[in-house]
Amino acid sequence: MSGLTALNLTHEDAEAIDDCWNRIGIHGDKSCPLLADHIHCRNCAVYSAAATRLLDRYTLRQESREQVVAQEGEEIATRSLLMFRLGEEWLGLATRCLVEIAPLRAIHSLPHQRSRALLGVANVRGALVACLSLVELLGLDATLTGTAGARVMPRMLIIAAQGGPVVVPVDEVDGIHAIDQRLLDGASAAGPQASAKYTRGVLSFRGRSLRWLDEEQLLSAVTRSLT
1 MSGLTALNLT
11 HEDAEAIDDC
21 WNRIGIHGDK
31 SCPLLADHIH
41 CRNCAVYSAA
51 ATRLLDRYTL
61 RQESREQVVA
71 QEGEEIATRS
81 LLMFRLGEEW
91 LGLATRCLVE
101 IAPLRAIHSL
111 PHQRSRALLG
121 VANVRGALVA
131 CLSLVELLGL
141 DATLTGTAGA
151 RVMPRMLIIA
161 AQGGPVVVPV
171 DEVDGIHAID
181 QRLLDGASAA
191 GPQASAKYTR
201 GVLSFRGRSL
211 RWLDEEQLLS
221 AVTRSLT
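Oh and the sequence shown: position 99 is 99 in UniProt numbering, straight run, nothing missing.
Here's what the structure looks like:
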């Protein structure tokens, strides 16, 4: 699924959510009479209401989602994982969950957060997308920042949750790697990291200790945080 396809609103969504910020607001011709008072659309009640409807849409779409089940007996020599860093910990997530890797965008908080993991919403090519904290979902130490460097660039991952795309900020992205299935099969299932939330196991890859995330459990947790 391409990033553009995943982020496009359906016809019904477009009718339900009037994206006035793209027509007459800060991203449009700026003719909205409310701009004089609010300065920016994110300060307007109309924008907040649209963000709330966005979160409601995740709940509705979950009811009609389709599950993709791998065929039994299929031999997989390698598995593609996206490797990224949060604080001092490196994590791997199946790329089938990934829509795209994007630069950092401004996250606008909501007046009534639904969960501690919900950071707010971001404007991604004109569409409001919910932003979640993986640090909160995974129970990581938020005080650990990892090693800073001139070439280290924080990113946002847009992942395909059950109700629609979700944005999660990360401290660094290493890239996508094809991992030998035998290495994954031998991943440790013991120890503090392996027994942590939404984790399949821990493996050593290119001199790093990599925590391999259970994408099904993680995406379910994402959906619960939005609903």
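No residue lacks a Cβ here, since even glycine has one placed at the ideal position from N, Cα and C.
**Asked** Buried or exposed: which applies to alanine 50, given that a residue is buried once 16 or more other Cβ atoms fall within 10 Å of its Cβ?
**Response** For the purposes of this step, residue 50 is taken as the residue at position 50 of the sequence shown. By the 10 Å Cβ count, alanine 50 comes out buried.
**Asked** Is leucine 184 helix, strand or coil when you go by DSSP?
**Response** On the sequence shown, position 184 is the one that residue 184 refers to. Three-state result, leucine 184: helix.
**Request:** Tell me whether the beta-carbon of valine 99 lies closer than 8 Å to the beta-carbon of alanine 160.
**Result:** Residue 99 sits at position 99 when you count from the first residue of the sequence shown. Residue 160 sits at position 160 when you count from the first residue of the sequence shown. Result yes, Cβ atoms of valine 99 and alanine 160 sit closer than 8 Å.
**Asked** Going by other Cβ atoms of all chains shown within 10 Å of its Cβ, with 16 needed for buried, is serine 133 buried or exposed?
**Response** Against the sequence shown, residue 133 aligns to sequence position 133. It is buried - the Cβ of serine 133 has at least 16 other Cβ atoms within 10 Å.
**Asked** Where does threonine 59 land, buried or exposed, given buried means 16+ other C-beta within 10 angstroms?
**Response** To locate residue 59, count along the sequence shown from 1; it is residue 59. Bear in mind that the predicted position of threonine 59 carries a pLDDT of just 48, short of 50, making it unreliable; the figure below should be weighed with that in mind. When all chains shown are included, threonine 59 counts as exposed.
**Request:** Return the chain-ordered list of same chain residues with a C-beta closer than 8 Å to the C-beta of alanine 187, the five sequence neighbours on each side being excluded.
**Result:** As a position in the sequence shown, residue 187 is number 187, starting the count at 1. Excluding positions up to five away in sequence, the list reads Ala194, Arg200, Gly201, Val202, Leu203, Trp212.
**In chain order, each beta strand (DSSP E) run of at least 3 residues that lies wholly inside the UniProt domain "CheW-like" (78–224)** = 78–86, 89–94, 98–102, 118–124, 127–132, 155–161, 164–170, 172–180, 199–205, 208–213
**Request:** Taking valine 173 as the reference, give the member of His27, Arg42, Glu88, Asn22 with the closest Cα.
**Result:** Sequence index remark: in the sequence shown, residue 173 carries index 173 (1-based). Of the candidates His27, Arg42, Glu88, Asn22, the one whose C-alpha sits nearest the C-alpha of valine 173 is Glu88.
**Through-space distance from leucine 81 to residue 235, alpha-carbon basis** = A query on residue 235 cannot be resolved here, the shown segment of the chain reaching from 1 to 227 and no further.
**Prompt:** Who are the Cβ neighbours of serine 48 in its own chain at under 7 Å, not counting the five residues just before and after it?
**Reply:** Position 48 of the sequence shown, counted from the first residue, corresponds to residue 48. For serine 48, where only same-chain residues beyond five positions count, the Cβ hits under 7 Å are Leu110, Pro111.
**Message:** Taking the straight line between their C-alpha atoms, what separation do you get for arginine 206 and tyrosine 198?
**Reply:** Locating residue 206 in the sequence shown gives position 206, where the first residue counts as 1. Locating residue 198 in the sequence shown gives position 198, where the first residue counts as 1. So the alpha carbons of these two residues sit roughly 23 Å apart.
**Prompt:** Which one of Val46, Thr143, Ser220, Ala77 has the shortest CA to CA distance from leucine 183?
**Reply:** As a position in the sequence shown, residue 183 is number 183, starting the count at 1. Closest by alpha carbon: Ala77.
**Asked** How long is the line joining the alpha carbons of valine 69 and lysine 30, rounded to whole angstroms?
**Response** Indexing the sequence shown from 1 puts residue 69 at position 69. Indexing the sequence shown from 1 puts residue 30 at position 30. Residue placement at valine 69 is poorly supported in this model, since its pLDDT is 38, which falls under 50; the coordinates still yield a value, given next. Approximately 47 Å, taken between the alpha carbons.
**Message:** Below 8 Å on the Cβ atoms is my contact criterion, and I expect leucine 118 with alanine 102 to pass it. Report the Cβ-Cβ distance as a whole number of Å.
**Reply:** Here the question's residue 118 lines up with position 118 in the sequence shown. Here the question's residue 102 lines up with position 102 in the sequence shown. In fact, because the Cβ distance is near 19 Å, the residues do not count as touching under 8 Å.
**leucine 138 versus cysteine 20: straight-line alpha-carbon distance, rounded** = For the purposes of this step, residue 138 is taken as residue 138 along the sequence shown, with counting starting at 1. For the purposes of this step, residue 20 is taken as residue 20 along the sequence shown, with counting starting at 1. Whole-angstrom Cα-Cα distance: 36 Å.
**Prompt:** Looking only at its own chain, which residues have a Cβ that is under 6 Å from the Cβ of alanine 122, when we skip the five neighbours before and after it?
**Reply:** Reading the sequence shown from its first residue, position 122 is the one you call residue 122. Arg105, Ile107, Val129, Cys131, Val167, listed in sequence order.
**Request:** Note the first and the last residue of the continuous alpha helix (DSSP H) segment covering histidine 38.
**Result:** On the sequence shown, residue 38 is found 38 positions in, with the first residue counted as 1. Counting along the chain, the alpha helix (DSSP H) containing histidine 38 begins and ends at 35–38.
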